[in-house]
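Trainee: Protein chains in written order, with this note's numbering: chain A, 1 to 355; chain Z, 1001 to 1366.
We put the CB at the ideal spot given by N, CA and C, even for glycine.
(1) Under 8 Å between C-beta atoms, does residue 1139 of chain Z make it to chain A?
(2) Identify the residues that DSSP records as bridge partners of residue 1305 of chain Z: which are they?
(3) Suppose the cutoff is 8 Å on Cβ atoms and the five residues either side in sequence are ignored; what does the same chain contact list for residue 1095 of chain Z look like?
(4) Would you mind reading off the limits of the beta strand (DSSP E) that contains residue 296 of chain A?
(5) In its own chain, which residues sit with a C-beta less than 6 Å from the C-beta of residue 1116 of chain Z, not counting the 5 before and 5 after it?
(6) My output table needs one value for residue 1103 of chain Z: the three-state DSSP class, helix, strand or coil.
(7) Taking one C-beta from the stretch 112-127 of chain A and one from the stretch 249-265 of chain A each time, how about it: are there three or more such pairs within less than 8 Å?
(8) Could you tell me which chain A residues have their CB closer than 7 Å to the CB of residue 1191 of chain Z, listed as they occur along the chain?
(9) Give me the DSSP bridge partner(s) of residue 329 of chain A.
(10) Does any CB atom of chain A fall closer than 8 Å to the CB of residue 1127 of chain Z?
(11) Please list, in chain order, all residues of the same chain as residue 26 of chain A whose beta carbon is under 6 Å from its beta carbon, the five residues on each side excluded.
(12) Could you tell me if residue 75 of chain A is buried or exposed, where buried requires 16 or more neighbouring beta carbons within 10 angstroms of its beta carbon?
(13) Residues of the stretch 74-85 of chain A with a CB closer than 8 Å to any CB of chain Z: list them in chain order, please.
(14) Just how far apart, CA to CA, sit residue 1319 of chain Z and residue 242 of chain A?
(15) What residues of chain Z sit near residue 122 of chain A, judged by a beta carbon separation below 7 Å?
(16) Chain A partners of residue 1350 of chain Z, CB-CB under 9 Å?
(17) With a threshold of 8 Å on Cβ separation, who are the neighbours of residue 222 of chain A within its own chain once the five nearest residues in sequence on each side are excluded?
(18) Return the Cβ separation of residue 239 of chain A and residue 154 of chain A in integer angstroms, given the expectation that the two are a contact with Cβ distance under 8 Å.
(19) For the stretch 1051-1066 of chain Z, which residues have a beta carbon sitting closer than 9 Å to at least one beta carbon of chain A?
(20) Looking at chain A, which residues of the stretch 1082-1099 of chain Z have a Cβ within less than 7 Å of any of its Cβ atoms?
(21) Grab me the residues of residue 1278 of chain Z's own chain with a C-beta within less than 7 Å of its C-beta, minus the 5 sequence neighbours each way, in chain order.
(22) For residue 1251 of chain Z, report the span of its beta strand (DSSP E) as first-last.
(23) Is there at least one Cβ from chain A nearer than 8 Å to residue 1154 of chain Z's Cβ?
(24) Nearest CA to the CA of residue 1063 of chain Z: which residue from Z:1184, Z:1051, Z:1280 and Z:1235?
(25) Does any residue of chain A have a CB that is nearer than 8 Å to the CB of residue 1298 of chain Z?
(26) Which residues, in order along the stretch 1167-1181 of chain Z, keep a beta-carbon less than 9 Å from a beta-carbon of chain A?
(27) When you compare the CB of residue 1251 of chain Z with every CB in chain A, is at least one pair closer than 8 Å?
(28) What is the rounded straight-line gap between the Cα of residue 1290 of chain Z and the Cα of residue 1305 of chain Z?
(29) Can you grab the Cα-Cα spacing for the pair residue 1330 of chain Z / residue 1366 of chain Z, in whole Å?
(30) Who are the near neighbours of residue 1128 of chain Z in its chain, counting only those whose CB is closer than 6 Å to its CB and skipping five residues on each side?
(31) Counting only beta-carbon separations shorter than 8 Å, does residue 269 of chain A have a partner in chain Z?
(32) May I ask you to report which of helix, strand or coil DSSP gives residue 187 of chain A?
(33) So what does DSSP say about residue 247 of chain A, is it helix, strand or coil?
(34) Examine chain Z for any beta-carbon lying closer than 8 Å to the beta-carbon of residue 344 of chain A, and answer yes or no.
(35) Taking C-beta to C-beta, are residue 1133 of chain Z and residue 1082 of chain Z nearer than 8 Å?
(36) In chain C, which residues lie with their C-beta within 7 Å of the C-beta of residue 1124 of chain Z?
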């Protein structure tokens, strides 16, 4: 039987060799069959039944894409431009001919490292032991999916703290993938929960820690960062007091100037929320948060006019420990704060004068 | 009653039932209009009635309902197994497996085909796609360029301020269809708060859905409005509940009837799952007359908890040792489960992460 099969194959070879002049080339991302004239109509199994392109190694399904007959040649356009480093194999089969196979090696030029960590908020180097989050600000868009391998918290002995953060698969990026929010595990902050009772808080008062961000973290183009990042900080006592706007100091600029209105907080506040949730009613301008996030500055687009103004603060504004205006991060139901702020905003008045 | 009369009455009843079902069917499907479904990202998936697939898009702050047109019942006893799913998808999309993220997975309860929300790429320019894996393991793209769909915007961040894009984003952590409504749990990348939102389906113009604040005092004393990480609908004796796993570890029951617009709801802690609990996905199933929760857990593997009579479970009110409330056992042989969904009465569908290779397979319910 094997001999008979060999003879049969040998006997067919002259016919199978008929596809010899057919070749496949790649041009502008299109795969083109040359030396073969497509029939008037598509084969019953579709063009994919005679011409397929495979990306990567091993037994994989063919690439998605579209077929067309252009200038008398069959052309395959992949659904997406090929990623760097992807090898492709194009296979053309016609009945009665040996398959024509062409392999295209991919360019392997690695993108240069350009991204870095610009800043980590909070800026201050003493944090409450119930610190709620960090914001990591990058200089360029980063890649999703490896956050929890790239961020580490080291204890005073340089040993990694076990699971200090809320490792959620979705990863809390902004739309540009330049800012990542990292929450400490709330189970180790909120009182009365097992994780806090069993393993204690992630960070302890009186000790020093280092937040470490690996250089190997890839940016959106697949390049590592130019350098890693370290933020050393000490841990102070818990902060369970809701921020009180009555303790804020407002310094008003003079009329006719575009000088900044300055609001000083008695403690560092959440950077992102301070930028977003405080505004001057009816005045367009630019806000910034400075001095270790203890100062909110607002520069108007047009010079100040004399008169009464209102600073409007959304009560969702949090301090570093997640205490909101009028409500602590975790409320003790037996010792409720007696004065409840029910509205969504609080206002602070100030006056712009000539002198 | 003679047989002919009974038969006539039965036929009339059957006809009325069919009409009723058909009207509901039509209302759901006619609300979906053909055209291009714009997805900026494809995150949590959930199936509603009539093969309608809901896709959560955190980046676009929308929920899109898509007619899968996949309503042929799958054969009984079917199984699914695809090894190297991310490699196969990468090959189809002309990229490397590390550039493929499978964000969620849902089984079409009618056909049993598996739907995946996938990102091609890892950065802000990643392309959002929906793929279907059939019972033979064949992967195809669900075209979004001309599909019957309907999209509703979530009341997300305020609009861009002076040309600067607003960095606040509400990540959709989980989604489910319960009793004509899509429930959506979200987690903000700025303020720490819970949002569980419900939106009636069919979507109505300008209907942003209603949001409720849920507080829970795990051990009675301290309350937070901590975000929900994953949740599952559960019906007991005709009453709908949501069982929600919180980011700070308790498992909380909330009657759906309490989730009214603007309400402040106090959830009842029914289990405190303790340290290292990182729930990813949950399903509820019945075996031997007993209801169970199966929970995929990032650091603990897959946990099984008997849950009969959740309506009778009382709140945990005092600090207690580990495994308080519902007891659980860990299914040792199920390691690396990244996604979980119910497949049929006897099987779950799981996506395993085996050292970077994603494998999809049906697993008999334990």
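Mentor: Judging by the given coordinates:
(1) yes
(2) Under DSSP, the beta-bridge partners assigned to residue 1305 of chain Z are Z:1293.
(3) Listed in chain order, the non-local C-beta contacts of residue 1095 of chain Z below 8 Å within the same chain comprise 1120 and 1121, local neighbours out to five positions each way being set aside.
(4) 295-300
(5) 1102, 1105 and 1131
(6) Of the three classes helix, strand and coil, the one that applies to residue 1103 of chain Z here is strand, per DSSP.
(7) No, the stretch 112-127 of chain A is not in contact with the stretch 249-265 of chain A.
(8) 273, 316 and 318
(9) Note: residue 329 of chain A sits in no beta bridge, so no partner.
(10) yes
(11) 104
(12) buried
(13) 78, 79, 80, 81, 82, 83 and 85
(14) Legend: pLDDT at residue 1319 of chain Z = 48, less than 50; position of this residue unreliable, value from coordinates given subsequently. Their backbone Cα atoms lie some 25 Å apart in a straight line.
(15) Near residue 122 of chain A there are no residues of chain Z at all, since even the closest Cβ is about 14 Å away, more than 7 Å.
(16) By Cβ distance, chain A contributes nothing, its closest Cβ being about 15 Å from residue 1350 of chain Z, past 9 Å.
(17) 84, 110, 111 and 143
(18) Contact flag wrong, Cβ pair sits at about 23 Å.
(19) 1058 and 1059
(20) 1087, 1088, 1090, 1091, 1092, 1093, 1094, 1095, 1096 and 1099
(21) 1297, 1298 and 1299
(22) Segment 1250-1255, the beta strand (DSSP E) holding residue 1251 of chain Z.
(23) no
(24) Z:1184
(25) yes
(26) 1167, 1168, 1169, 1171, 1172 and 1173
(27) no
(28) 10 Å
(29) 10 Å
(30) 1039, 1041 and 1042
(31) For residue 269 of chain A, the closest Cβ of chain Z is not nearer than 8 Å.
(32) helix
(33) helix
(34) At a cut-off of 8 Å between beta-carbon atoms, residue 344 of chain A makes no contact with chain Z.
(35) yes
(36) No chain C is present in this structure, whose protein chains are A and Z.
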